[in-house]
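Numbering (this note's numbering), first residue to last: 275 to 514.
Built from N, CA and C at the ideal position, the CB exists for glycine as well.
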């Protein structure tokens, strides 16, 4: 895993390209990302960077957290996330160092993780895009029912994983391969093309894309190797 940034979702807007095309973007505030701890193989068993984002009032910080941030010499953050980074890629990172928005560049593909907006208890039509029943005459109170959910006496139960009504939203979601349209390094803003999970003000984590799609044409063609014809039995190879 690579080093990333922690931030919050500001909202959506549109920007215009040099050709005049309108591009919908989500603005992410990733300012004031600071290193709270450097974990090493010798002390922690693995190599990682702990990053704090945002500000938190002293009355909202526990004594354990206050001691942890004081040891690093940084202000207590509202969000605290950890990124697995190889030991040879830590570079000059140290507790208290600030990670700028320039960590990413325009045109780069990233993965953005956040918490989706909670929808409460919903039916199968909204939750799983089921089709509703007919609205014609004679359909009595069966417009939005999911239909049969089980079997007969055998097996006599509802299989696990059956799609039914229930709680929707408020889940951890990751949108992959979003393109960064613009980087505002001065204000610490990333403008990502497309939608990002979560409500305005929600916490997000931005990391380099891990599943970059193949270019048009797919995988390169492998030349076919044709073996010369010959005897299949090695014992008969010397007999002529």
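Host beta strand (DSSP E) of residue i (start-end)
i	result
residue 446	446-458
residue 346	Where residue 346 is concerned, there is no enclosing beta strand (DSSP E), although the alpha helix (DSSP H) it sits in stretches over 337-346.
residue 318	Element bounds for residue 318: not the beta strand (DSSP E) but the alpha helix (DSSP H), 315-318.
residue 298	296-303
residue 430	Neither: residue 430 is in no beta strand (DSSP E) and is coded neither H nor E.
residue 279	279-290
residue 322	322-327
residue 488	Per DSSP, residue 488 belongs to no beta strand (DSSP E) and is neither H nor E.
residue 467	463-467
Where the alpha helix (DSSP H) through residue i begins and ends
i	result
residue 399	398-402
Any non-hydrogen atom of the ligand NAD within 6 Å of residue i CB
i	result
residue 346	No copy of the ligand NAD appears in this structure; indeed no ligand is present at all.
Which of helix, strand or coil DSSP assigns to residue i
i	result
residue 477	strand
residue 355	strand
residue 332	helix
Closer than 7 Å to chain C by CB, residue i
i	result
residue 395	Note that chain C does not occur in the displayed structure, where there is just one protein chain.
Beta-ladder partner(s) of residue i, from DSSP
i	result
residue 438	Residue 438 is not bridged to any residue.
residue 312	323
residue 307	373
residue 420	None; residue 420 has no bridge partner.
residue 482	384
Rounded Cβ spacing between residue i and residue j (contact assumed at less than 8 Å)
i	j	result
residue 419	residue 283	Going by Cβ atoms, the distance from residue 419 to residue 283 rounds to 36 Å, so no, they are not a contact pair.
residue 307	residue 391	At roughly 24 Å, the Cβ-Cβ gap does not stay under 8 Å, so residue 307 and residue 391 are not in contact.
residue 355	residue 320	Not confirmed; about 15 Å, so no contact.
residue 454	residue 382	5 Å
residue 398	residue 431	With a Cβ gap of about 19 Å, residue 398 and residue 431 do not count as contacting.
residue 440	residue 395	7 Å
residue 301	residue 323	So it is not a contact: roughly 25 Å between Cβ atoms.
residue 387	residue 486	That pair is no contact at about 17 Å.
residue 370	residue 346	6 Å
residue 380	residue 456	6 Å
residue 384	residue 481	6 Å
At 3 residues or longer, and completely inside the segment 358-396: list those beta strand (DSSP E) runs for me, N to C. 383-389 and 394-396
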